[in-house]
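Heads up: the sequence shown is residues 431 to 536, going by our numbering.
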Amino acid sequence: MKALVLHAVGDLRYEEVPRPKPGAGEVLLRVAYCGVCGSDFPRIFSKGTYRFPLIPGHEFAGVVEECGEGVTDFAPGDRVAVFPLLGVDGAPPASGAGTCSASATT
Numbered sequence: 431m432k433a434l435v436l437h438a439v440g441d442l443r444y445e446e447v448p449r450p451k452p453g454a455g456e457v458l459l460r461v462a463y464c465g466v467c468g469s470d471f472p473r474i475f476s477k478g479t480y481r482f483p484l485i486p487g488h489e490f491a492g493v494v495e496e497c498g499e500g501v502t503d504f505a506p507g508d509r510v511a512v513f514p515l516l517g518v519d520g521a522p523p524a525s526g527a528g529t530c531s532a533s534a535t536t
């Protein structure tokens, strides 16, 4: 699949990346629409981010492509809108009001 990948501050490349496989409790989405948030620009062009490489962006909507083991609330074909604060690929979970220990909003 194609993605914009941030390799370093200011080094944003459109490239082929492996298609992720959803783990237990996860879903894989095909992104249909995305937004560019004002917080994305400093991370890409001046301040950097938590780790590199990174596929930036955190405001998107799409369709569930595949469900991992144990997923019962979603099914392939479901349309969803997402606003995650951090990725699930090793980043610490979000904390605070409106979040749970799995970073799912309530």
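Glycine residues also receive a C-beta, built at the ideal position from the N, C-alpha and C atoms.
Problem set entry | Close-in-space but distant-in-sequence residues of the same chain around G478 (CB under 8 Å, 5 per side omitted) | A438 and V439
For this session: Out of Y480, R460 and L442, point me to the one whose CA is closest to P450's CA.
Result: R460
Exercise. By DSSP, does D441 sit in helix, in strand, or in coil?
Worked result: strand
Exercise. If we call anything under 8 Å between Cβ atoms a contact, is P452 one with E489?
Worked result: no
For this session: Would you kindly report the start and end of the unbroken beta strand (DSSP E) that includes R509?
Result: R509 to V512
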